[in-house]
Amino acid sequence: MNLDTRIKFRHLLCFLEIARQGSLARAADVLAISQPAISKTLKELEDLLEARLFERSHQGVALTPAGTRFMRYAGPSVQALRDGVGSVRGEARAPSQVRIGVLSTVEGLLMPEVLCRLHQQHEALVISVVTGASAQLLGQLHLGELELVIGRMTDSPQIQGLSFEHLYSESMTLVVRPGHPLLAAQPIDHRQVGAYPLVLPPPGTTIRQHADSLFVQCAIPLPAQRLETLSLALSRRYVLGSEAVWVAPRDAVLIDLGRGELAELDLGVREPGGSVGICRNAALAQSLPAQWVCEVLREVAEAYRLGVYP
2 MNLDTRIKFR HLLCFLEIAR QGSLARAADV LAISQPAISK TLKELEDLLE
52 ARLFERSHQG VALTPAGTRF MRYAGPSVQA LRDGVGSVRG EARAPSQVRI
102 GVLSTVEGLL MPEVLCRLHQ QHEALVISVV TGASAQLLGQ LHLGELELVI
152 GRMTDSPQIQ GLSFEHLYSE SMTLVVRPGH PLLAAQPIDH RQVGAYPLVL
202 PPPGTTIRQH ADSLFVQCAI PLPAQRLETL SLALSRRYVL GSEAVWVAPR
252 DAVLIDLGRG ELAELDLGVR EPGGSVGICR NAALAQSLPA QWVCEVLREV
302 AEAYRLGVYP
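Going by our numbering, the letters in the sequence shown line up with residues 2 to 311, in that order.
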């Protein structure tokens, strides 16, 4: 029996929304159908595939290994169909579009130059940039909602089943406002860092793992006062107006350091750095605009490695 003819578009939409929401009830609300109806649709799909796609628990639902494999193809298939419908309806005459995910590690240094070069080269190009944590963005990449994700993410479990292209390595550093008491003696006494509020990425993020590794290496205890955020703007403003110490990706503060707006603390050691690169869903054919983005990313990353940018 050819099961493909029995799998309908509604089955795929139902499956993808449940995976996105992690809950049948929330998925039913988004799709504006009843919970019994969405449960029935999911059961039909699982029966057709002869596989269980989700594990149920009191917290919601989570993809099984079979569900994870199926999602790798279901998301891109739905997106391809939407693109096809759009082309028939005349949307092909609209400007080229690409939707990418950007982690905070590259948001302030790499991406502005990439975007400027892309718009210099292409007169009609719409670039939609989504920011957030690596787990969230890689989940959208699995679903085909994003074409690329750029940043440091190789330690994230969600990268399984995706392809990753290394661009350069990025280390962590500790920065403070000019005139901070810790700048009086360099290299600093590591134990003194724990006496000040700390700004660092939230637990569970890839970049937090590197921050924790740096603190373990330097035997620095985590202070009781901490701001945990991925927002570069919030971190910068908070550090400039306080005695806080910011554990930051060096790329994110490189321009501030060059202008003297932030100062770097000398720990006497350098965290080796994580791999910054491009992640994409190999099951999805890469669009021409996504190829343009990758080409410019490689150009800017090479200039960064050679020290000619910024």
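Virtual Cβ for every residue (Gly too), placed ideally from N, Cα, C.
Apply the 10 Å Cβ neighbour rule to residue i and answer buried if 16 or more other Cβ atoms are within range, or exposed otherwise.
i	result
A29	buried
S88	exposed
F10	exposed
P290	buried
Q141	buried
E296	exposed
C15	buried
H167	exposed
H120	exposed
E303	exposed
A220	exposed
R57	exposed
G68	buried
A212	buried
Q187	exposed
R227	exposed
P222	exposed
L82	exposed
R153	buried
E47	buried
A234	exposed
V309	exposed
First and last residue of the beta strand (DSSP E) that includes residue i?
i	result
C280	275–281
A63	61–64
With a CB to CB cut of under 8 Å and the five nearest residues on each side skipped, what residues in its chain are close to residue i?
i	result
Y74	A284
S170	P273, G274, G275, S276, V277
L183	V177, I189, Q193, V194, Y197, V246, L266
S24	G61, V62
S129	Q98, V99, R100, I101
T155	F165, T207, G275, S276, G278
L307	none
R299	L168
State the CB to CB distance for the pair residue i and residue j, rounded to an integer number of angstroms; the pair is presumed to be in contact (CB under 8 Å).
i	j	result
E272	S172	5 Å
E108	R281	Not confirmed; about 19 Å, so no contact.
L111	D257	With a Cβ gap of about 15 Å, L111 and D257 do not count as contacting.
P198	A245	4 Å
T207	L231	The pair is not a contact, with the Cβ atoms about 11 Å apart (cut-off 8 Å).
H123	W293	7 Å
Excluding the five sequence neighbours on either side, which residues of its own chain have a C-beta within less than 7 Å of the C-beta of residue i, listed in chain order?
i	result
M2	For M2, the predicted structure reports a pLDDT of 49, less than 50, and the residue's modelled location is therefore unreliable. The matter cannot be settled from this model.
E18	A28, V31, L32
P77	G145, N282, A284, L285
T65	R53, L54, F55, E56
Y239	V200, L228, A245
Quick one: what's residue i bridged to in DSSP?
i	result
Q98	V127
P222	P222 is not bridged to any residue.
F165	C280
V246	L199
R227	L199
Would you kindly report the start and end of the unbroken alpha helix (DSSP H) that includes residue i?
i	result
S58	Here S58 belongs to no alpha helix (DSSP H); instead the beta strand (DSSP E) covers 55–58.
T174	It is not in any alpha helix (DSSP H) - T174 instead sits in the beta strand (DSSP E) that spans 173–177.
A284	Here A284 belongs to no alpha helix (DSSP H), and DSSP marks it neither H nor E.
R304	Reading the sequence as shown, one finds Ala at residue 304 and not Arg. Counting along the chain, the alpha helix (DSSP H) containing A304 begins and ends at 289–307.
V115	111–122
L199	Note, L199: premise wrong, no alpha helix (DSSP H); beta strand (DSSP E) at 199–201.
Sorted by chain position, which residues of the same chain lie with C-beta nearer than 6 Å to residue i's C-beta, five sequence neighbours on each side aside?
i	result
I151	V103, V107, I279
M72	A20, H143
P224	G195, L199
T6	none
L164	The sequence shown places Ser at residue 164, rather than the Leu named in the question. Excluding positions up to five away in sequence, the list reads R281, A283.
Q98	V127
Q22	A28
Determine, for residue i, whether the minimum Cβ-Cβ distance to residues of chain B falls below 9 Å.
i	result
G274	Of the chains in the structure shown, none is chain B; there is only one protein chain.
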